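Undergrad: Quick note on numbering: UniProt numbering labels position 98 of the sequence shown as 98, and the sequence is numbered without any gaps.
Got a structure for you, questions after.
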Amino acid sequence: MSVIKKEDANEKNKLGVLMRVYPDGNVGVVYQETEKGHNEEFYHTKSTFTYYIIEGEGTYIIDEKEHPVVGGLIDENTTVLINATGKFVVGGPNGDAGLTGRKIIVDTYGGMGRHGGGAFSGKDPSKVDRSAAYATRYIAKNIVAAGLADLCEIQLAYCIGYAEPLSIHINCGGTEKISLELMEELIRKNFPLKPANIIEELKLKQPIYHKTSSYGHFGKKDLPWEQLDKVEILKKEASEIKTN
Numbered sequence: 001m002s003v004i005k006k007e008d009a010n011e012k013n014k015l016g017v018l019m020r021v022y023p024d025g026n027v028g029v030v031y032q033e034t035e036k037g038h039n040e041e042f043y044h045t046k047s048t049f050t051y052y053i054i055e056g057e058g059t060y061i062i063d064e065k066e067h068p069v070v071g072g073l074i075d076e077n078t079t080v081l082i083n084a085t086g087k088f089v090v091g092g093p094n095g096d097a098g099l100t101g102r103k104i105i106v107d108t109y110g111g112m113g114r115h116g117g118g119a120f121s122g123k124d125p126s127k128v129d130r131s132a133a134y135a136t137r138y139i140a141k142n143i144v145a146a147g148l149a150d151l152c153e154i155q156l157a158y159c160i161g162y163a164e165p166l167s168i169h170i171n172c173g174g175t176e177k178i179s180l181e182l183m184e185e186l187i188r189k190n191f192p193l194k195p196a197n198i199i200e201e202l203k204l205k206q207p208i209y210h211k212t213s214s215y216g217h218f219g220k221k222d223l224p225w226e227q228l229d230k231v232e233i234l235k236k237e238a239s240e241i242k243t244n
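Set out below in structure tokens:
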């Protein structure tokens with residue numbers, strides 16, 4: 001969610017909706033969840049650190065930046081923090097330089113889902129840190145879109161020198177519509193799991209990674225691992241399993 005709002009704010013900045021604000025900063029969001037636990041309702045706390053041109057611009061940022069971007073997600077109970085540590089008038093490389101690898105949680109699911117621990121950026125797709133993470137995203141999206149579960153988390157475990165995953169762990173939070181054993185069977189039958197097959201099917205040797213250099217690796221509909229091209233076959237085979 002913070003990634004979406006940061007991207008929206010940057011676009012408004014480019015269009016001139018947000019003036020006097022430089023493109024350096026970050027966004028943090030704490031939001032209240034529904035009973036199902038995976039859909040937002042409204043912000044509990046919204047914090048923004050923004051590099052601005054003139055000291056004392058906090059009110060301007062609240063009026064011109066926060067409200068156009070977050071819209072109806074703020075209510076009277078929301079705490080909005082702007083540059084909570086004080087002024088932010090020295091930004092960019094002059095203020096803070098250096099990067100210790102990509103922020104892997106920001107690049108993926110925030111605190112919602114588990115992460116294998118390896119960064120994506122800087123690795124070619126032969127490394128399962130990257131390719132298998134894309135594959136699990138691809139699998140989980142298609143499982144949910146096919147109506148086999150309301151939510152789905154897939155974990156794959158690999159060993160160097162062994163192509164097949166050592167294990168597949170599926171967690172649907174109790175929302176699965178078929179047994180997890182049958183779901184694993186469908187996954188093994190219909191999805192690439194060996195690194196070479198993942199690379200081939202998801203076309204991971206294309207020059208597509210520039211799109212992942214900002215705003216995360218997931219949720220961009222034109223990327224291969226976001227496609228829902230397995231939905232119909234999953235529906236068909238799941239229906240046949242139920243019939244039998």
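C-beta: ideal position from N, C-alpha, C; glycine also.
Quantities reported herein were computed from a predicted structural model and do not represent experimental measurements.
(1) Our contact map puts ILE160 next to ALA238 with C-beta atoms below 8 Å; I'd like the distance itself, whole angstroms only.
(2) Quick one: what does DSSP say HIS115 is sitting in, helix, strand or coil?
(3) Would you list the residues sitting across from GLU153 in a DSSP beta bridge?
(4) Does THR79 pass the burial test, meaning 16 or more other C-beta atoms within 10 Å, or should it be called exposed?
(5) Can you tell me where the beta strand (DSSP E) holding LEU148 begins and where it ends?
(6) If distances are taken between C-alpha atoms only, which option among ILE170, LEU234, ASN83 and ASP229 comes closest to GLU201?
(7) Alpha carbon to alpha carbon, how far is ALA145 from GLY111?
(8) Taking DSSP's pairing of strands, which residues face TYR162 in a bridge?
(9) LEU81 lies in the beta strand (DSSP E); which residues open and close that run?
(10) Measuring CB to CB, does ILE187 end up less than 8 Å from ILE199?
(11) Taking three-plus beta-carbon pairs below 8 Å as touching, is the region 202-218 in contact with the region 142-157?
(12) How big is the Cα-Cα spacing for LYS123 and ASP75?
(13) Identify which residue in GLY117, GLU232 and VAL128 has its Cα closest to the Cα of TYR158.
(14) Which one of ALA132, LEU148 and GLU181 has the shortest CA to CA distance from GLU164?
(15) Which residue wins for smallest C-alpha separation from GLN227, given the options LYS236, GLY117, ALA140 and LEU180?
(16) For LYS220 and GLU240, what's the separation of their Cα atoms in angstroms?
(17) Can the beta-carbon of ARG137 be found closer than 8 Å to that of PHE218?
(18) Are the beta-carbon atoms of LYS203 and PRO224 separated by less than 8 Å?
(19) Which of helix, strand or coil does DSSP assign to GLU232?
(20) If you reduce the DSSP assignment to three classes, tell me which class SER179 lands in.
(21) Run through DSSP, which three-state label would TYR109 get?
(22) Taking buried to mean at least 16 other C-beta atoms within 10 Å of its own C-beta, is residue 245 buried or exposed?
(23) Out of curiosity, what's the CA-to-CA distance linking LYS189 and PRO125?
TA: So, from the listed chains and residues:
(1) With a Cβ gap of about 34 Å, ILE160 and ALA238 do not count as contacting.
(2) coil
(3) ASN171
(4) exposed
(5) Looking at the DSSP string, LEU148 is not in any beta strand (DSSP E), and its letter there is neither H nor E.
(6) ASP229
(7) 22 Å
(8) CYS159
(9) 79-82
(10) no
(11) no
(12) 42 Å
(13) VAL128
(14) ALA132
(15) ALA140
(16) 32 Å
(17) yes
(18) yes
(19) helix
(20) coil
(21) coil
(22) Nothing can be reported for residue 245, as the shown portion of the chain is limited to 1 through 244.
(23) 22 Å
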